[in-house]
Each structure stands twice: as C-alpha cells, then as structure tokens.
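Participant:
Residue numbers (the numbering used here), protein chains in the order written: chain A, 1 to 407; chain B, 408 to 695.
See the structure below:
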C-alpha cells in the first residue's frame, strides 16, 4: 500500500478516535456495575422502554441515598433491538468485557434463555423481572414476575363467581397462550366451571367476525381473553362494535400488560376483569411515591406498566440483598435471598421463595373502570405453585433447566 | 335461521374486505405491471392519516373516504415520479424498489408515530339479527366494496379516460403516437391505485390496532387475490374475492380462523396450479 500524507492523517485520526471509543472497561473497582439488556427499540419497545426508565430511576435513587457498600452504581445498558441474536452477543459482552456485578433484564422468554447460561457460567447473578409462563429452575437466577398459577388462580374463581360457569377462552397461539389456557382449565374445573370452547389465534390474526358469531352460538356466561399483541387488540374493538360487550362479560390475563387501555376507547375495556401483581391505582405510600417520582422525571405516567414496575422492584430487591450480605458476590447475596428476603414494594410485599427463586407476591383483582384498573380485592402472598410443583433448588441446587409443567 | 343470516353477512363482509384491500393493487399491479411490495404500507399510511384526521376533529367518513385516499395518492405520485417511473417494464426491479420503499415507510412511520398501537372506534353500533349481534360497520364495508367495483367498471368501460388508460397500458407507443402522453397517464393511474390503497387502510383502521408494520399482514392476501384474479381487473377481482372470501369464512365457521386462512391458501395453490394465468384467463375471458 502506498502511503501519502492524506492517508497517514486519515489513519492516525482513526487510531486516535478508536482509542477514545474503546476505552478500557476492565475493573475500575470504585463502582458497582449493574448490567442490563432490554429491547428499547423494535417491536417490543413498548415493554422495554418503560423498563429502562424505571431501572434508571431505581439506580438514581439508590445512588442518591449513598449507593451500595459506599460505592455508586454504574448502569450499563445494551439495546437488544427486539433481536434475539443480539442478546447472545451483548450478554457475552456484559459478562466478559464489562465484568458486571449483576444482570437485570431480558423481556421475552426466548431472550432470557439466550443469556441465562452465559451469566450462570460466570457466577453473575441474573434477575429476570417479567411475567412469564413459569418453570425456570436455576440457582443463579431470581424471578419476581407473576406466573400463570398465581394469576389464573386468582382470576378464574373470581370471574366464575361474578359472571357464571360457562367460559369461552380466546388465546394467543404460542407457548404462553397454550400454557395459560391449560391453567385456566385446571382452575375452572376446581370451582366447577366448564370451558365450552378454547380457540387459539396466531399473533397476526386481526379479523374476529366469525369468532364473535361463534361465541354467540355457544352462549357462554363469560369470555376469557388470553390474546396478545397489536393485531389481537382488534378483538376488543370488534367485540364492542358488535355491541356484545353489553351482553357477555369478559375477563383477561393480558389486557393492560402493555397498557392497551390507553389505545382502546373507554367502552371497549369497561368492566373487564383482570388480575395482576400491580395496578397504578394501588393506594400504598410506596406506589404513590413511585408514581410521583416517575412523573417528576419523565413527565407522564401513561407508559408505566406492571412489567416496568416489577423491573424496578427487582433492582430494589437486589440492592437490599447486597446491603444485607455486605457484598455484591453472587454466592453471598444468594445466601441472603434464599433466607427468604422480603421487601415492601409499590405492588405489595415480595418474598423470595428459596425453593424456586421465584417470588411470593400479592395479586390484585381489578376491574377496568374509565380506563383505570380499579382494585376490587387483593390476595396477599400468593405462592408460585406452578414452578414449585417441579423445581426444588434446596434439594437439587445444581438443577439448571426450564421445566414444562404438566397440569 | 338467524345464524345463516349472520354467516351470509360475514361471508359478504370478507369478500368485500378482500375487494377493498386488493383494489389498489389490482390497479398498480394488474394494470401497470408494477409489483408494488409497498402496497401494505400505503394502506398503513391511509390508516394513520384517518386516525390523525379523526383525532383532530374531522368527520370520520370524510377522513376515510377523502383524506386517506388523497394523502396516500399524493405520496404515491411522489414515489412514482422519483422512483417507479424509471422502472416501467422491469418487473423484478419494481419488486426490489418497492420492497425498499416499504422498509423505508415502515421506518418513517415508526420514527413519527412510535412503535405502538394506535386506533379509533368504529362509527356504527352493532346490529341485531334475531338472537345475534353483528358489527354494523360490516355493512359499511360491503357498501364501499360495491361502490368501488361499480365505479371502477364505469370508469374503465364507459369513460374516455378509462379507454385511454387501458390503451396506454396495452401499448404506450401507440397511445403516444395518437397524441396521448403515456407518462402522464401512468402517473394518474398510479395516483388512483395508491388512493385506493390508502382508502383501504382508512376503512380498516377502526377495526384494528394500527402499528407501523400493520400493512405486512395484508400484502400476501392482496397479491393472491389479484394474481388468481388474472388479466381482467374488475371481473378477476370480483371472482377471486368471492371465491376466497367464501372459502375462508365457511372454514372459519366450521373450524377456527386458522383453518380458514389455511383453506384460503390451499385453494389459491390449487387454482394457480390449474389456472396459472388466473381465473379470467380461462373463464370470463375478454371481460373487463
């Protein structure tokens, strides 16, 4: 290659620039590194963006109160762009190059499974703070999301009591929908209710005309929606457009998770019965403070959903464990967490279940009124029964898999 | 009895919505031989135009029937002037170019509106048929489909404009030697095609949750309907929509919507095997 002055200059500039960009990231020792992987762009950003916001809020609050063990927390986030391949890549980067002390993140189950082993191998504790289908059994992971048993066990008996015993189930056609439909069947049968029909819909189905006619033929006492995503929102709209929302009541395991009520009209969600770990309407002081802080920092609480709140609570749980253990090492905080660490959060008390590393938490039965989830009744300290049925980390501490739970 | 009435309305509605989502493509692909992969995105823009118009206080029917077609028609003309006009007669190249346009449009919509779901409510309340209630908006969609087909037929068959357009599509050189400007005619036709796509998006907007990549769900169905329809635009559109709409809804009622979609695709595959150039190449030959 011929070298001239221009090329030399170009090369030199590039070299200097490169040395700025890839500044050495290895152990500085004076901060605690909280690593995170979230989809803050792409099709799942409705979930990921508010999670990133609450994480920043949590870190800011902990740092403002003096940090952990006298050190400030450094928040390292990679945007995985709703692309599962990037989880593997950035997960390795967090574990090997950035040497983070803890990992909080992952949204879809697929993304969690893509990085779970990476952090396990490096003994970096992994907090997965999202509602999911249950069954993960791994001593390195801590999960505070609500699982189907916790949610459905509350929702179905309450709905049966309120509406009647003939249930028509509409579910999204992938593992979450299928598994949840099985749990619905189990808990419906326990209270003597009957599932007259279960229809599964691929995620891109947006036309429910024939289904709405079929529901009227079956004449159920209620419908139970396990529908997921943008296309399925059409169902609520078409259901209301046919006037059926006045005739057959509805319960749902998913409506509101992505704050769908903000997109739909008031009459399209009015009266729908749901059960979650969190509602913005919770009156407790911690929730009021979170809402105020979030509003002060970001201007609006419209996008604050239950997943973002449980992400916030996951970080607080970890921080409490670090303080009690007086260490950030995975082995040390695991001991503290497994002792049944309990923490008061905006959504109620959360207690770590030593057997499964899942969370024992409060479930709130709510009804949509005027686009808000008004709380009807709270069910304190519900056990993650589904995962408990298959996973026992006290007996088998080396277990490392996601069980498919037979019902 | 009531159920039969409901099923018939649902079948008519499905046929009508196939006509509506395919009409724009029938013009652009059927007449102009431009494989418009951005058809779904034209619909998406029509949907957003309608939602924005309604939210800013404009009457919903005005938004659907005037604003959405106009906005998308203008965007269509801009795209035609900048890109498509250089590619007439190059079938594969138009496919690549419009695919690129579709990606750009999805990206732009995501930047402007964010990757979230938007929506408005349907303007017509439910109708009672015996023991059943059905979506009153279905009747509006059926009416519009009838209107589109009759208007299209009238324009192409009985007006000078239609005759010139058909002539220019068949042989631009002859048309130009007779004193017509094929360039202008192509531009106008593309405008009309885009406007139809935009109106389709506007009409469907109150029924669905709109996201920037919403259009991709419709593109396959629209292409299948137009391709199976064959060379005659109006007759082809009508016959293939009727066939697919009926198959889809009958199977949806007997089983689930999933099998309805499967039945539609299987019918399309069998038909393309038997009549590779479309229904109107063998049956209804020479019709418009």
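From the three backbone atoms N, C-alpha and C, an ideal C-beta is built for every residue, glycine too.
When you compare each of B:589, B:509, B:553 to residue 570 (chain B) by their alpha carbons, which one comes out closest?
Facilitator: It is B:589.
Participant: Just how far apart, CA to CA, sit residue 237 (chain A) and residue 577 (chain B)?
Facilitator: Whole-angstrom Cα-Cα distance: 44 Å.
Participant: Over what stretch of residues does the alpha helix (DSSP H) that includes residue 157 (chain A) continue unbroken?
Facilitator: Unbroken alpha helix (DSSP H) run through residue 157 (chain A): 148-163.
Participant: Who are the near neighbours of residue 552 (chain B) in its chain, counting only those whose CB is closer than 6 Å to its CB and skipping five residues on each side?
Facilitator: Hits under 6 Å: 423, 426, 427.
Participant: On the DSSP bridge list, what partners appear for residue 197 (chain A)?
Facilitator: Note: residue 197 (chain A) sits in a beta bridge opposite A:168.
Participant: Less than 7 Å between CB atoms is the rule here; does residue 233 (chain A) satisfy it with respect to chain B?
Facilitator: Yes - at least one Cβ of chain B is within 7 Å of the one on residue 233 (chain A).
Participant: In or out: residue 674 (chain B) buried (at least 16 other Cβ within 10 Å) or exposed?
Facilitator: Buried, since its Cβ has 16 or more Cβ neighbours within 10 Å.
Participant: Which same chain residues end up closer than 7 Å to residue 122 (chain A) when comparing Cβ atoms and leaving out the 5 residues on each side of it in sequence?
Facilitator: Only 95 meet the Cβ criterion.
Participant: Can you confirm whether the region 272-288 of chain A touches the region 301-319 of chain A when touching is taken to mean that 3 or more C-beta pairs between the two stretches lie within less than 8 Å?
Facilitator: The region 301-319 of chain A vs the region 272-288 of chain A: in contact.
Participant: Measuring alpha carbon to alpha carbon, tell me which residue in A:210, A:43, A:194 is nearest residue 201 (chain A).
Facilitator: Of the candidates A:210, A:43, A:194, the one whose C-alpha sits nearest the C-alpha of residue 201 (chain A) is A:210.
Participant: Please determine, among B:617, B:486, B:632, the residue with the shortest C-alpha to C-alpha distance to residue 649 (chain B).
Facilitator: Taking only the C-alpha atoms, the option nearest residue 649 (chain B) is B:632.
Participant: When DSSP labels each residue in this structure, what does residue 400 (chain A) get in the three-state scheme?
Facilitator: Here residue 400 (chain A) sits in strand by DSSP.
Participant: My guess is that residue 420 (chain A) and residue 146 (chain A) are in contact by the Cβ rule of under 8 Å, so how many angstroms apart are they, rounded?
Facilitator: Past the boundaries of the shown model lies residue 420 (chain A); chain A is included only from 1 to 407, so the question cannot be answered.
Participant: When DSSP labels each residue in this structure, what does residue 492 (chain B) get in the three-state scheme?
Facilitator: Note: residue 492 (chain B) maps to helix in three-state DSSP.
Participant: Buried or exposed: where does residue 565 (chain B) fall if 16 or more other Cβ atoms within 10 Å of its Cβ makes it buried?
Facilitator: Under this definition residue 565 (chain B) is an exposed residue.
Participant: For residue 298 (chain A), collect the residues of the same chain with a Cβ closer than 7 Å to its Cβ; drop the 5 residues on either side in sequence, then sort them by chain order.
Facilitator: Here the set comprises 53.
Participant: Helix or strand or just coil, what does DSSP make of residue 439 (chain B)?
Facilitator: Coil at residue 439 (chain B), not helix or strand.
Participant: Please report the Cβ distance between residue 37 (chain A) and residue 78 (chain A), rounded to the nearest whole angstrom; I am assuming they are in contact, meaning their Cβ atoms lie under 8 Å.
Facilitator: Contact holds; Cβ gap of about 5 Å.
Participant: For the pair the region 621-636 of chain B and the region 440-459 of chain B, tell me if three or more CB-CB distances fall below 8 Å.
Facilitator: These segments touch.
Participant: Take residue 204 (chain A) and list the residues in its own chain whose beta-carbon comes closer than 8 Å to its own, dropping the five residues that flank it on each side.
Facilitator: Cβ within range, chain order: 231.
Participant: So what does DSSP say about residue 270 (chain A), is it helix, strand or coil?
Facilitator: Three-state result, residue 270 (chain A): coil.
Participant: Closer than 8 Å, Cβ to Cβ, to anything on chain B: give me those residues from the region 235-251 of chain A, in chain order.
Facilitator: So the close ones are 237, 238, 240, 241, 242, 243, 244, 247.
Participant: Taking 6 Å as the limit between beta carbons, can you name the residues of its chain near residue 517 (chain B), skipping five residues before and five after?
Facilitator: Closer than 6 Å at the Cβ level, and outside the excluded window around residue 517 (chain B), lie 619.
Participant: Taking the alpha carbon of residue 353 (chain A) as the reference point, which residue from A:365, A:325, A:393, A:369 has its own alpha carbon closest?
Facilitator: When each option's Cα is compared against that of residue 353 (chain A), the closest is A:393.
Participant: Report the neighbours of residue 410 (chain B) on chain A: residues whose CB is nearer than 7 Å to its CB, in chain order.
Facilitator: Ordered by position in chain A, the residues that pass the 7 Å Cβ test against residue 410 (chain B) are 217.
Participant: Against residue 656 (chain B), what residues of chain A qualify as contacts under a CB-to-CB distance less than 9 Å, listed in chain order?
Facilitator: Those within 9 Å of residue 656 (chain B) in chain A are 209, 210.
Participant: Counting pairs of Cβ atoms below 8 Å between the region 132-152 of chain A and the region 175-183 of chain A, do you hit three or more?
Facilitator: They touch, by the three-pair rule.
Participant: What residues from chain B crowd round residue 86 (chain A), counting only those whose CB sits closer than 8 Å?
Facilitator: Result: empty, since nearest Cβ-Cβ is about 16 Å, beyond 8 Å.
Participant: Looking only at C-alpha atoms, which of A:242, A:266, A:158 sits nearest to residue 224 (chain A)?
Facilitator: Checking every option, the nearest Cα to that of residue 224 (chain A) belongs to A:158.
Participant: Check whether the Cβ of residue 27 (chain A) lies closer than 7 Å to any Cβ atom in chain B.
Facilitator: With a pLDDT of only 44 at residue 27 (chain A), under 50, the local geometry of the prediction cannot be trusted, and the value read off the model is given with reservation. No, residue 27 (chain A) lies away from the interface with chain B (no Cβ there is under 7 Å from its Cβ).
Participant: Would residue 71 (chain A) and residue 118 (chain A) qualify as a contact pair, given that the criterion is a beta-carbon distance under 7 Å?
Facilitator: Contact: no.
Participant: Got a sec, what are the start and stop residues for the beta strand (DSSP E) residue 261 (chain A) sits in?
Facilitator: Element bounds for residue 261 (chain A): n/a, residue is neither H nor E.
Participant: Give the residues of chain A in contact with residue 458 (chain B), contact being defined as C-beta atoms less than 7 Å apart.
Facilitator: Correct list: empty, because the minimum Cβ distance to chain A is about 11 Å.
Participant: If we ignore side chains and look at the alpha-carbon of each, how far apart do residue 64 (chain A) and residue 58 (chain A) end up?
Facilitator: Roughly 10 Å separates the two Cα atoms.
Participant: So residue 457 (chain B) and residue 474 (chain B) are in contact, right, with Cβ under 8 Å, and what is the actual spacing, rounded?
Facilitator: Indeed they touch by this definition, with Cβ atoms about 7 Å apart.
Participant: Return no unless some Cβ of chain B is closer than 7 Å to the Cβ of residue 143 (chain A).
Facilitator: Output row for residue 143 (chain A): interface = no.
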